Structures are given as structure tokens and as C-alpha cells.
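Sequential numbering from 140 applies to the sequence shown in my numbering.
Written out below as C-alpha cells is the structure these notes cover.
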Amino acid sequence: VHLLLKKLIDEGKRFDLVVAVGPVLMMKAVAETTKPYKIKTIVSLNPIMIDGTGMCGCCRVEVGGETKFACVDGPEFDAHLVDFNLLMVRNRRFIEEERLALEEYNKVCGCKR
Numbered sequence: 140v141h142l143l144l145k146k147l148i149d150e151g152k153r154f155d156l157v158v159a160v161g162p163v164l165m166m167k168a169v170a171e172t173t174k175p176y177k178i179k180t181i182v183s184l185n186p187i188m189i190d191g192t193g194m195c196g197c198c199r200v201e202v203g204g205e206t207k208f209a210c211v212d213g214p215e216f217d218a219h220l221v222d223f224n225l226l227m228v229r230n231r232r233f234i235e236e237e238r239l240a241l242e243e244y245n246k247v248c249g250c251k252r
């Protein structure tokens, strides 16, 4: 995605706004691509969200050096202000729980692969 975006920018295509939704690594790459050109870029973050009120803190993200909660302050944020490295670390926090939940779900619903 970011390579095509870079190609279009290099070809002279002008963008007033870029919106990126998807994997964190892709959104980070898009933000890094648009930043030198000062193209406003919005990302829609999807960290783990449990209660939807910000009380649990699972969806905590750093934006512009401030703590934000994606469930109440977002999920859309200025891509150039998001600490994507911290977000990627935090997203890995629940990998084992997600694996166990999927395993249990597959047992209960009888899904076949």
C-alpha cells in the first residue's frame, strides 16, 4: 500500500488527506510515507478493547506524547502523532489469550478448517 502511495506521490499526484485502516505495520508505513510531504494522514486504530469506556486501559495508545484510549478518544488519530512502535508492543500483549479464545471458540461452534 505505502509503495503504491509513494509512487503516486512521486508521479505528481496530490493528496489533501490519506486515511489508512488495516494492520498496524501498514498504517505505520503509510504515516512514514506521507509525513515528509506534510500530507494529513488519519489512521483508524484497532487495539484490544474490552469495556469501551477506557477504564480497563487495554486500548491505551500514545498520540503526540499523550496517553489516549482508542475506545473513547478514537479510534481515528493523526497518523504522524501515533507511537506505532509502542502500539505494536502493546498489541502483542494478549497473543496467548487470543489464541486460547480462538481455540475455545472453535470447540464450541464446531467450526472446521
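Glycine residues also receive a C-beta, built at the ideal position from the N, C-alpha and C atoms.
Owing to the predicted nature of the structure, the values given are computational and were not obtained by experimental measurement.
Contacts around residue i, its chain only, beta-carbon distance under 8 Å, and the 5 residues preceding and following it disregarded
i      : result
Glu171 : His141
Range of the contiguous alpha helix (DSSP H) that encloses residue i
i      : result
Ala240 : 234-248
Thr173 : 163-173
Arg231 : Unbroken run through Arg231: none, as it is neither H nor E.
Spatial distance of residue i from residue j (CA atoms)
i      : j      : result
Glu235 : Glu242 : 11 Å
Phe174 : Ala240 : One detail in the question is off: residue 174 reads as Lys in this sequence, not Phe. Cα-Cα distance, rounded: 38 Å.
Val169 : His219 : 10 Å
Cβ separation of residue i and residue j, assumed to be a contact under 8 Å, to the nearest whole Å
i      : j      : result
Asp217 : Val202 : 7 Å
Ile178 : Val157 : 6 Å
Sequence-distant residues of its chain with Cβ nearer than 7 Å to residue i (five each side left out)
i      : result
Pro214 : Ser183, Leu184, Asn185
Extent of the continuous beta strand (DSSP E) run through residue i
i      : result
Asp217 : 215-217
Contact set for residue i: own chain, Cβ-Cβ below 6 Å, skip 5 residues either direction
i      : result
Met166 : Ala159, Val182
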